[in-house]
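Residue numbers (our numbering): 21 to 472. Even glycine gets a Cβ: it sits at the ideal position worked out from N, Cα and C. In what follows, a single structure is set out as structure tokens and then discussed.
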């Protein structure tokens, strides 16, 4: 063990990828074995967090090792101690975390109230595997997998704003019933965390974050199938088809994110995609509002692989002073070009005393082609076993069509558990990334963390 400690960065990566690889050989014991070793690795990270930055590729390798047994399509029953969560939309029942008290003794009457987190990180034993179905009724009398998707008309001016500025804020797309539905789905997911959220949540980037949540949580899939989201994005992209490329459920970004561009858009190009946010809460006045450099999607100086963006670099002079800040409210949509440079400032102490729940991601326009991004950072948003090859049309249940209407056969594939991750594909794709993970461009990810 002492020899392992001598080179912690190498050790952590080696152990993480060993676990990911071994889990493909031992499917019957993967969940228990993985959780036990993940606990060891995280303990090691905690002890060494002042000495080394743990590779994000290693954390992702841990989260990427589900096997057939670990991610079987059978639904996971909700634990009885969690049943009340669906009736509590605004608050979490998890015990709040408090900040450290100052070492200087201050009279009680002069002390400021302690700031308490609204949500804590899940314990290892709380993570779930497989498909999850909260069975939340859809609003407006919609019948699941029967009623066509709703529509919401936007203006030509809003479309032109997106094309000119690279971002547009569309207010009130979803009414109180839809916001209530999304809050219930999010409350369920936070209280019954899925293992796919492990890497992001354990990293403490967010109180909870899960990619491709629609694949495991039926309520989010139903939202895409039946809401007006696809219709709004089709108008924005002037396209006759919208497919979900990748999505994210994000609750409270603890560290905030400095100026950056989005390159986790799935297997598509910049111009084939449209980024979106759907907000469930009022944005605080002091922090949390996304800030964009208007027109920066037209820049030609920021490398495609870069995440962090230095807005003082040559070539961005025309954009850095064109600031657009958007304080979104429940039911709003924020839509932008994937290359538009933006940031989000979190609270200075990393403690959210209210919720900031967002369903976001990237959709693909009609005619989009599949681009295999193995060996680049972009592969991290394409870890499914869909079988598509570079250059083929993006036509797969792994990237479901949501406009003009959802496809019942694609929905059936998702419901049967055929839409998931393959250990072999994950290890192969992450292996290509691991070889470059120590390169300078991948350290761009670490630069983007933190507010302001």
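**Report entry** residue 233: first and last residue of the uninterrupted alpha helix (DSSP H) it sits in
**Finding:** 233-236
Query raised in the report: For the alpha helix (DSSP H) that residue 179 lies in, which residues bound it at each end?
Result: 176-185
Report task. Tell me whether residue 295 sits in a helix, a strand or coil according to DSSP, three-state version. Result -> strand
Requested in this report: Use the C-beta contact count for residue 196: other C-beta atoms within 10 angstroms, 16 or more gives buried, fewer gives exposed.
Outcome: exposed
**Report entry** residue 93 in three-state terms, based on DSSP
**Finding:** Because the pLDDT at residue 93 is just 42, under 50, the model does not fix this residue reliably, and the value given afterwards should be weighed accordingly. Residue 93 falls in the coil class under three-state DSSP.
Query raised in the report: Can you tell me whether DSSP reads residue 385 as helix, strand or coil?
Result: strand
Query raised in the report: Ends of the alpha helix (DSSP H) at residue 515?
Result: In the structure displayed, the chain extends from 21 to 472; residue 515 sits before or after that span and is not available.
Requested in this report: Would you give the residue range spanned by the alpha helix (DSSP H) that residue 204 belongs to?
Outcome: 196-211
**Report entry** Straight-line Cα distance separating residue 191 from residue 180
**Finding:** 16 Å
Query raised in the report: Do residue 305 and the ligand PLP come close, with the Cβ less than 6 Å from some heavy atom?
Result: With respect to the ligand PLP, the structure shown offers nothing to examine, as it has no ligands at all.
Query raised in the report: If we call anything under 7 Å between Cβ atoms a contact, is residue 244 one with residue 234?
Result: yes
Requested in this report: Using a threshold of 7 Å, state whether the C-beta atoms of residue 167 and residue 377 are closer than that.
Outcome: no
Report task. Check the DSSP bridge columns for residue 311 and list the partner residues they point to. Result -> 345, 363
**Report entry** beta strand (DSSP E) segment containing residue 249, residue limits
**Finding:** Segment 249-257 is the alpha helix (DSSP H) holding residue 249; no beta strand (DSSP E) there.
Query - Three-way DSSP call (helix, strand, coil) for residue 390 in this model - result: coil
Query raised in the report: Is there contact between the region 298-309 and the region 397-416, where contact requires at least three CB pairs shorter than 8 Å?
Result: no
Query raised in the report: What is the DSSP secondary structure of residue 214, counted as helix, strand or coil?
Result: strand
Query raised in the report: Mapping DSSP to helix, strand and coil, what is residue 405?
Result: coil
Report task. Would you check if the region 272-281 and the region 326-338 touch, i.e. whether three or more CB-CB distances between them fall below 8 Å? Result -> yes
Query - Nearest-angstrom Cα separation, counted from residue 138 out to residue 372 - result: 6 Å
Query raised in the report: Can you check whether the CB of residue 356 is closer than 7 Å to the CB of residue 187?
Result: yes
Query - Contact the region 287-301 vs the region 352-367: 3+ CB pairs below 8 Å - result: yes
Requested in this report: Kindly list the residues whose CB is nearer than 8 Å to the CB of residue 141, restricted to its own chain and excluding five residues on each side of it in sequence; keep chain order.
Outcome: 221, 222, 224, 227
Requested in this report: Would you list the residues sitting across from residue 328 in a DSSP beta bridge?
Outcome: 280
Requested in this report: Give me the Cα-Cα distance between residue 426 and residue 337, rounded to the nearest whole angstrom.
Outcome: 43 Å
Query raised in the report: Around the Cβ of residue 351, are there at least 16 other Cβ atoms within 10 angstroms (buried) or fewer (exposed)?
Result: buried
Requested in this report: Specify, as a first and last residue, the run of the beta strand (DSSP E) that residue 427 falls within.
Outcome: Looking at the DSSP string, residue 427 is not in any beta strand (DSSP E), and its letter there is neither H nor E.
Query raised in the report: Taking buried to mean at least 16 other C-beta atoms within 10 Å of its own C-beta, is residue 353 buried or exposed?
Result: buried
Query - residue 189 vs residue 339 beta-carbon contact at 7 Å - result: no
Query - Residues that DSSP places opposite residue 423 in a beta bridge - result: 262
Report task. Inspect the beta-carbon positions of residue 386 and residue 260 and report whether they are closer than 7 Å. Result -> yes
Query raised in the report: Roughly how many angstroms separate the alpha carbons of residue 110 and residue 273, rounded to a whole number?
Result: In this predicted model, residue 110 has a pLDDT of only 39, less than 50, meaning its place in the structure is not dependable enough to derive any value.
Query raised in the report: From which residue to which residue does the beta strand (DSSP E) around residue 353 run?
Result: 353-356
**Report entry** From 153, 199, 314, residue whose alpha carbon lies closest to that of residue 184
**Finding:** 314
Requested in this report: Going by DSSP, name the residue or residues bridged to residue 148.
Outcome: 214
**Report entry** Distance between residue 391 and residue 204 (C-alpha atoms, nearest Å)
**Finding:** 35 Å
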